[in-house]
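Colleague:
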Amino acid sequence: MSDNLRRHHSIKAHLLQLYPEASGRQRQHLSVLAAIISGIVGSRHTNLPNIAAKVPTSTKRESQVKNFYRWLKNDNRDQDYRIIFAPFAAALLSSLADCPLVLVIDGSVVGQGGMALLINVVYKGRALPIGWLVIKSKKGHLAEKYHIALLKQVKPLVPQDSQVIFVGDGEFDGCRLLRRLAYYGWQYVCRTAKNSLLWIGDDRTNFAGLAVERNSLVSIAEAAFSKYEYGPVLAIALWQAPYKEPIYLVSNLTLPEEAVCYYRKRFRIETFFSDTKSRGFRLDKSHLKEPKRLVRLLLAACLAYLWIVYLGTVAMVKGYNKIIHRTERCDLSLFNLGLNLLEHFLNRDMALPAAFIPLDPRSF
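Offset between the sequence shown (1-based) and the numbering used here: plus 391.
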């Protein structure tokens, strides 16, 4: 059995096993999804001809590409997210809910002129996707209404009574967004601009007015933020390594050091973007332009990513990391470990485990 066939068979069997009562049409839908996931992993690309080249089929490659495009054109994208992806995301969040859930929001270019906005949950050294939307936009900030729309998408997935810390860069300091986060009972720490308005009692200033010096931190509790005087908030000015100039944060946490610690986790989502773009699946090189198509492509790409990270956790728990990498230490990310373990299993004709929820991080 070829590597392409084994990879495809493993993913397809797992998906169909999860939905035993699926109708014939639904099973066909899942089969195409499995083929796209398998092709993304096999080709390390999200361009449809590249995907089709790594999918075992008796049909012509161009026919397979058209089949994939029909799947991407399907208008049931919201239903697919709720039925197919959301259960995995909810189970992942539940498995991590014993500790504070750190949710990171950020945007990145996908396809041709699409801006993907994602919320990921921090897991070990990575940030795993739990929700997304795509807007037709050049690189730049998206309107606050999109931030809130995505927040509403992922909120039902979060276990009740879990502690949530929402982390965002400077784009995500809108008062409507912060107010909704507080309404959910979530904590947040988001970057803001140095000229953002700050009210300390009756005194009006801005974050630059905190006059933080190098290698230090300045914080103001019970402040009000922006022209809307939203608050009370914790205002922070930080100038420490690795930052070459001061950064400014707004939070509803109590301790500034805790807020800074959580904010540093924001960079975990950058590893997701590099894994799914330059180092992995090249989402930015897809020729798709229509946001609806890109949303569905992300469904397959995110499942592919979760599968590879799952394999990385298998490597750590089962000790394969010492076989496929170094014995004394592991310098590879879970994503790269997963890719290496997949090659190891394929080369040795071993069974391919398939799952879209990484193993408990406390097990390794």
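Here a beta-carbon is modelled for each residue, glycine too, at the ideal position from N, C-alpha and C.
Is it the case that the region 646-653 contacts the region 608-625, given that we only count it when at least three CB pairs across the two stretches are under 8 Å?
Modeller: Yes: the two stretches touch, three or more of their Cβ pairs being nearer than 8 Å.
Colleague: Can the beta-carbon of Arg435 be found less than 8 Å from the beta-carbon of Leu725?
Modeller: For the purposes of this step, residue 435 is taken as the residue at position 44 of the sequence shown. For the purposes of this step, residue 725 is taken as the residue at position 334 of the sequence shown. Not in contact: Arg435 and Leu725 (Cβ atoms no closer than 8 Å).
Colleague: Consider the Cβ of Phe664: report whether some Cβ of chain D lies at a distance smaller than 8 Å.
Modeller: Among the chains of the structure shown, chain D does not appear; only one protein chain is present.
Colleague: Quick check: what's the CA-CA separation for Cys721 versus Val705?
Modeller: By 1-based counting over the sequence shown, the position of residue 721 is 330. By 1-based counting over the sequence shown, the position of residue 705 is 314. So the two alpha carbons sit approximately 14 Å from each other.
Colleague: Please confirm if the region 460-469 is in contact with the region 499-508, defined as three or more CB-CB distances below 8 Å between the two stretches.
Modeller: No: the two stretches stay apart, fewer than three of their Cβ pairs being nearer than 8 Å.
Colleague: Have a look at Asn511 and Glu412 and give me their C-alpha separation to the nearest angstrom.
Modeller: Taking the sequence shown and counting its residues from 1, one reaches residue 511 at position 120. Taking the sequence shown and counting its residues from 1, one reaches residue 412 at position 21. If I take the Cα positions, the gap works out to 30 Å.
Colleague: Alpha carbon to alpha carbon, how far is Leu494 from Gly703? Give it in angstroms, no decimals.
Modeller: Looking up residue 703 in the sequence shown gives position 312. Looking up residue 494 in the sequence shown gives position 103. So the two alpha carbons sit approximately 21 Å from each other.
Colleague: Should Ser587 and Tyr619 be called a contact, given that it needs their Cβ atoms to be closer than 8 Å?
Modeller: Indexing the sequence shown from 1 puts residue 587 at position 196. Indexing the sequence shown from 1 puts residue 619 at position 228. Going by C-beta atoms, Ser587 is not nearer than 8 Å to Tyr619.
Colleague: Assuming Ala746 and Tyr701 make a contact with CB atoms under 8 Å, what is their CB distance in whole Å?
Modeller: Residue 746 sits at position 355 when you count from the first residue of the sequence shown. Residue 701 sits at position 310 when you count from the first residue of the sequence shown. Confirmed, about 5 Å.
Colleague: Quick one: what does DSSP say Gln631 is sitting in, helix, strand or coil?
Modeller: Indexing the sequence shown from 1 puts residue 631 at position 240. It is coil, neither helix nor strand.
Colleague: According to DSSP, Lys527 sits in a beta bridge with which residue or residues?
Modeller: The residue given as residue 527 occupies position 136 in the sequence shown. Beta-bridge pairing links Lys527 to Gly505.
Colleague: Taking the straight line between their C-alpha atoms, what separation do you get for Ser454 and Leu421?
Modeller: For the purposes of this step, residue 454 is identified with residue 63 of the sequence shown, where counting begins at 1. For the purposes of this step, residue 421 is identified with residue 30 of the sequence shown, where counting begins at 1. So the alpha carbons of these two residues sit roughly 18 Å apart.
Colleague: Can you list, in chain order, the residues of its chain with a C-beta nearer than 8 Å to that of Val500? Leave out the 5 residues immediately preceding and following it.
Modeller: Residue mapping note: residue 500 aligns to position 109 of the sequence shown, counting from 1. These residues qualify, in order along the chain: Met506, Ala507, Lys530 and Asp675.
Colleague: Hey, Ser677 and Thr448: beta-carbon distance below 8 Å or not?
Modeller: By one-based count along the sequence shown, residue 677 stands at place 286. By one-based count along the sequence shown, residue 448 stands at place 57. For Ser677 and Thr448, no; Cβs fall outside 8 Å.
Colleague: Alpha carbon to alpha carbon, what distance is there between Tyr634 and Leu688?
Modeller: Along the sequence shown, one-based indexing puts residue 688 at 297. Along the sequence shown, one-based indexing puts residue 634 at 243. The straight-line gap from Cα to Cα measures roughly 35 Å.
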